[in-house]
Amino acid sequence: MRHGLNWRSGGEMTMSTLTTNRTIRDILLSPTDIPAMSARTLVKEALELMSAKRLGLACVIDDDGKLIGLFTDGDLRRLLLKSQKPISALFADDIITHARTEFTSVDRNMDIEEALKLLQDREIFDLPVLDENGRLEGVIHLHPALKELLVK
């Protein structure tokens, strides 16, 4: 059976029958590939790390490596638009002040197809991958997941 995605008019992605039987562990961005930082990291430093890693997501972790928040470039845009603070003052805030503490996460054994469906349903580009103790194992990003399905 052929692998593939269907694109509806208007740009909506729908899943067709896919039989890769591959899990997200095959395309997982490791913690060294993503900006992971403590809650006390300044927004400015977080943005610098996100830029250096070329990823629009920062993972906020506690001292035990557990994921406690996410901050995306979309969060930054919304923050800049709604905040009454000068940008320089926002940059001096701790990242956890503006990070989302409620987020969707998955484990590394999820099928790539399921992960893509979840990304589509939530209208997001990244999913943190956690172990059974809530520790960050990596991130699944939309583009490598799509590439895996389209190339294989």
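Per my numbering, residue 47 is the first one in the sequence shown, and the count goes up by one each step.
A virtual CB, placed ideally from N, CA and C, is assigned to each residue, including glycine.
Because the structure is a prediction, the values reported are computed rather than measured.
Which same chain residues end up closer than 6 Å to residue i when comparing Cβ atoms and leaving out the 5 residues on each side of it in sequence?
i    : result
L93  : none
L188 : L165, F171
Start and end of the beta strand (DSSP E) containing residue i?
i    : result
G184 : 182-187
L75  : No beta strand (DSSP E) holds L75; DSSP gives it neither H nor E.
V152 : Unbroken run through V152: none, as it is neither H nor E.
Check whether the Cβ atoms of residue i and residue j lie closer than 7 Å to each other.
i    : j    : result
T172 : V152 : Checking the sequence shown, residue 172 turns out to be Asp, not Thr. No, the pair does not count as a contact, with Cβ atoms beyond the cut-off.
L101 : I80  : yes
H144 : L162 : no
I142 : V106 : yes
Have a look at the DSSP bridge pairing and note the partners of residue i.
i    : result
L176 : L182
T118 : L103
M83  : V106
R146 : L116
Could you please give the first and the last residue of the uninterrupted alpha helix (DSSP H) stretch that includes residue i?
i    : result
F137 : 133-137
D109 : Where D109 is concerned, there is no enclosing alpha helix (DSSP H), given that its DSSP letter is neither H nor E.
D167 : 158-168
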